[in-house]
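Chains as they are written, first to last, in our numbering: chain F, 27 to 281; chain B, 27 to 281; chain X, 27 to 281; chain Y, 27 to 281.
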């Protein structure tokens with residue numbers, strides 16, 4: 027997957043919130059083989075964990091994608107993005123403008139506006155969006171070169187709630203990197219996203235909230251590879267009527 | 027996975043029918059890393075391909091599980107099993123007793139009867155069955171030590187048509203190896219089967235009928251590992267209400 | 027729907043267990059307009075409720091279909107059926123042979139055996155069965171002239187767990203009355219069953235356990251009519267690509 | 027259902043496009059018992075059919091809801107709405123601003139803008155929108171007092187593609203009339219929409235493209251009533267584990 031002229035060695039991105047410990051997070055990043063981790067400003071600025079976290083990240087070699095998690099307005103998101111650029115020394119920003127506190131769903135109006143402001147300001151924006159095709163077009167027009175549609179609400183673990191909408195996006199945005207962000211819960215969800223032809227997935231809760239986050243990170247890495255390879259291998263068509271998978275054996279032929 | 031006291035190094039079994047060529051089949055077996063391949067008698071006895079096929083199998087090191095594909099009666103299945111034992115020099119038999127020509131669904135009555143006859147005759151029976159719990163109990167009572175419930179009709183590629191029924195089987199047959207046989211089409215299907223706690227999957231059409239069978243075999247091998255690892259890592263619960271995967275960031279905290 | 031040469035004026039059958047009161051049951055039967063109610067022996071023989079229940083039934087004019095609910099063996103089911111014939115003075119029997127205490131799923135082996143015994147004894151058997159095509163054939167061969175496949179486990183309210191299997195049965199048993207029994211929860215489930223071409227549905231928990239059983243009975247009656255009428259009206263095909271439902275309006279045409 | 031202070035006697039609205047003949051349309055309107063029909067300007071202005079159509083509508087007594095079908099820009103939609111107000115002598119307007127020619131999905135940006143313009147101009151706007159909660163809030167803020175979220179793309183007949191999103195809308199917009207518009211195909215789809223607590227459904231292709239549009243209109247009317255009544259009757263919970271719907275009958279109790 028190539029985004030903003032950077033070739034990434036993995037189709038998996040990992041969020042860094044909610045892990046039981048820094049050791050679990052470190053293990054998960056390594057086990058996932060991810061090329062990118064998302065980080066919120068709090069990590070850097072809050073209490074003592076910040077320093078260890080930062081050192082750890084450096085050692086894994088993962089590229090940092092700062093996010094604007096928790097921002098509910100354009101102003102808040104833009105301000106946070108600018109602070110993140112200074113703190114993390116990168117033009118990359120995962121843009122979240124939340125429109126509803128319970129479901130954390132994107133406010134697509136604020137999102138497009140903020141994306142335009144940030145792109146004009148030199149940011150390379152990764153917008154967390156819905157599966158709305160028209161919103162996707164506006165984000166591209168605003169300067170985004172990648173889209174991150176949701177699979178389901180953040181932290182729900184429901185998997186792909188509307189695969190047809192994602193399939194429509196894939197068909198429409200043939201040349202645009204699409205990364206499913208949010209809502210995945212199991213390896214089969216990640217594989218299914220990749221089988222739709224998506225370029226990558228971003229996971230957080232599914233790994234951090236698993237009983238064994240490190241093992242789940244490894245499972246997800248395998249699933250992403252499996253789904254991608256399956257997509258490229260051109261799967262059989264689903265058939266309504268069953269056909270023999272082993273040619274029928276007449277006993278007469280054996281004599 | 028351990029079946030009939032044999033420890034298998036892979037959770038994946040592969041059927042050998044319908045490949046575009048012997049080279050594709052060989053490549054798929056190697057790429058899948060499968061420990062077991064199913065074979066019908068015709069392979070051994072039909073025209074010229076038999077010899078090359080047999081040599082190839084030996085070189086892959088995969089264990090042969092002969093099947094009774096295409097048998098529609100107890101008598102036919104038992105006779106075929108006995109011939110297969112002599113030809114393939116193994117007590118293992120994948121027992122299929124087909125009850126419906128179009129859907130190739132098992133005839134569970136004939137299946138239980140044939141399983142009893144063969145088990146009494148020293149066979150180690152792998153019964154291809156439906157997702158019916160009570161039928162599973164009868165098969166175990168008849169002497170089977172493994173069950174192979176379907177995911178969907180043979181060759182349909184529909185995936186898991188009734189995951190609840192498979193989940194019920196898994197809960198009920200806690201100590202019995204369960205291998206999902208038939209109906210899977212994509213890597214995500216194989217992963218989903220393993221996430222239910224199944225011990226393995228048997229694939230044929232999904233690999234043989236893919237555009238690139240060798241690449242699909244590799245994808246399926248990754249998917250089975252991903253699903254198994256995901257199951258063991260204890261996935262998060264699905265949640266009806268979304269929760270933040272990144273703790274909300276108040277700007278005040280940053281100052 | 028015609029079963030065993032009786033023309034029924036409704037496609038809905040109602041079970042009589044689990045209602046909050048006899049008044050609720052009476053109201054539900056009337057509101058549903060059902061032609062048939064299923065009854066277990068206990069109703070007639072247990073404490074004081076029996077007499078009022080029986081009088082009430084007579085007044086509704088609904089035909090009684092005794093059942094063998096709770097029977098776990100052929101012997102128990104056959105004995106119960108014979109007692110029911112004397113008590114209820116009918117050759118009709120809804121045959122249940124339960125194979126698993128938790129899920130109450132049918133034991134298809136015991137079911138076919140008991141059906142054969144009862145049919146030979148002059149009963150008109152309504153077998154509660156799974157969605158297994160081959161089992162259905164055995165039941166017809168045993169003398170049944172109607173099949174009652176499940177939608178989901180009894181009392182689960184899950185709706186149609188495996189619509190493809192029911193669709194296969196419908197296609198295969200073109201001339202046989204098929205009544206979906208068990209597992210339905212909502213009006214849309216009942217409508218969906220009828221849209222598959224089923225001849226009727228039998229409901230119990232969905233009505234008895236609703237907050238307002240009488241209102242739910244009425245809702246279900248409407249749903250069954252809606253689904254049947256929809257089936258007969260030949261629904262549009264589902265389309266993968268959207269098409270306009272209103273012809274596009276060019277402003278030029280308005281001038 | 028009460029919208030814009032008008033109490034409607036039916037929860038069903040019907041589109042008037044695509045019928046095989048005016049007689050079919052007339053029959054469908056009558057059979058559906060719908061209180062409202064949507065009409066595009068072309069009906070009134072095009073060739074000869076207009077007059078008969080208009081007379082027919084008057085006779086059915088159905089209220090006319092003009093729409094802006096086929097409009098792809100704010101300007102086009104606003105202009106069309108204003109012409110429709112004069113032609114049809116009503117402030118009601120079903121607002122469609124299409125964002126994608128293939129799927130006919132709403133352009134939610136144009137939709138909110140046009141809704142604001144029209145509401146300020148005294149229109150009573152019925153916006154055809156997606157299942158996006160935040161967009162719904164913007165439409166209400168723009169002056170709409172009803173929302174018409176899609177079930178699936180127009181004319182697809184896919185039913186409810188994302189019931190969870192609709193459920194979230196229902197919970198969030200407790201006091202707002204919600205009418206599912208577009209994508210329904212079968213009576214069970216209409217019932218399922220009403221079971222979510224929706225206030226109504228708007229149908230067009232599902233009726234017009236059925237083999238027998240008049241019979242399908244009647245089926246849909248029943249389904250809407252069934253779903254609404256089922257919702258109000260408080261359906262049973264879906265249960266993962268089956269429970270007996272008939273209390274188990276011990277033979278001992280019968281003696």
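Glycine is no exception: its CB is placed at the ideal position from the N, C-alpha and C atoms. Note that the coordinates shown come from a computational prediction; the quantities given were computed from them, not determined experimentally.
- Annotation for residue 55/F: the continuous alpha helix (DSSP H) segment containing it runs 48-58.
- In summary, the residues of the segment 213-244 of chain X whose CB is separated from some CB of chain Y by less than 7 Å are 213, 214, 217, 218, 221, 230, 231, 232, 235, 236, 237, 238, 241, 242 and 244, in the order they occur in the chain.
- Residue 39/F has 62/F and 228/F as its beta-bridge partners, per DSSP.
- Residues of chain Y with a Cβ closer than 7 Å to the Cβ of residue 253/X are, in chain order, 213 and 214.
- Between residue 78/X and residue 40/X the beta-carbon gap is near 17 Å, outside 8 Å, which marks them as no contact.
- The three-state reading of DSSP puts residue 180/F in coil, since its state is none of H, G, I, E or B.
- Of all residues in the segment 137-165 of chain Y, none comes within less than 9 Å of chain X when Cβ atoms are compared.
- The Cβ atoms of residue 216/B and residue 241/B lie no closer than 8 Å to each other.
- Taking the beta carbon of residue 135/X as reference, the chain B residues within 9 Å of it are 134, 135, 138, 160, 161 and 164, listed in sequence order.
- Neighbourhood of residue 260/X in chain Y, by CB distance below 9 Å: 236, 237, 238, 241 and 242, in chain order.
- Closer than 8 Å to the CB of residue 81/F there is not a single CB belonging to chain Y.
- Within the same chain, and ignoring the five residues on either side of residue 264/F in sequence, no residue has its Cβ closer than 6 Å to its Cβ.
- Interface criterion met: the Cβ of residue 129/Y is under 8 Å from a Cβ in chain F.
- With a cutoff of 8 Å on beta-carbon distance, residue 107/F and residue 152/F are scored as not near each other.
- Going by beta carbons, residue 238/Y and residue 218/X fall outside the 8 Å limit.
- For residue 114/F, no beta strand (DSSP E) encloses it; the enclosing alpha helix (DSSP H) starts and ends at 100-114.
- Using a Cβ-Cβ cut-off of 8 Å, residue 182/B counts as an interface residue toward chain F, since at least one Cβ of chain F sits closer than that to its own.
- In its chain, beyond the 5 residues on either side, 59, 60 and 61 have a beta carbon closer than 6 Å to the beta carbon of residue 36/X.
- Contact between the segment 180-197 of chain F and the segment 132-139 of chain F is absent, with fewer than three C-beta pairs closer than 8 Å.
- Distances from the CA of residue 93/F to each of 54/F, 213/F and 228/F were compared; the closest alpha carbon is that of 228/F.
- With respect to the 8 Å criterion, residue 159/F and residue 204/F are not classified as neighbours on the basis of their beta carbons.
- In this chain, the beta strand (DSSP E) harbouring residue 155/B covers 150-155.
- Interface annotation, residue 191/F: not in contact with chain B, CB-CB separation never under 8 Å.
- Secondary structure at residue 221/F: helix, using DSSP grouped into helix, strand and coil.
- With contacts defined by Cβ atoms closer than 8 Å, residue 210/B and residue 177/B form a contacting pair.
- For the set 88/F, 171/F and 206/F, the Cα lying nearest the Cα of residue 188/F is the one of 206/F.
- Between the alpha carbons of residue 222/Y and residue 244/X lies a distance of about 18 Å.
- According to DSSP, residue 143/F shares a beta bridge with no other residue.
- In the three-state scheme derived from DSSP, where H, G and I count as helix and E and B as strand, residue 90/X is classed as strand.
- In this model, residue 91/B and residue 126/Y are separated by some 53 Å (Cα to Cα).
- By the criterion of a C-beta distance shorter than 7 Å, residue 27/B is surrounded in its chain by 34, 37, 203, 225 and 226, once the five residues flanking it on both sides are discounted.
- For residue 125/B, the nearest CB of chain X lies under 8 Å from its own CB, placing it at the interface with that chain.
- Setting aside the 5 residues that flank it on each side, residue 157/F is surrounded in the same chain by 175, 176, 188, 191, 192 and 195, each with a C-beta closer than 7 Å to its C-beta; the list follows chain order.
- In this structure, DSSP gives residue 189/B a helical state, which the three-state scheme calls helix.
- Here residue 96/B has 66, 122 and 124 as same chain residues with Cβ atoms under 8 Å from its own Cβ, once five neighbours each way along the sequence are excluded.
- Annotated three-state conformation of residue 171/B is coil, per DSSP.
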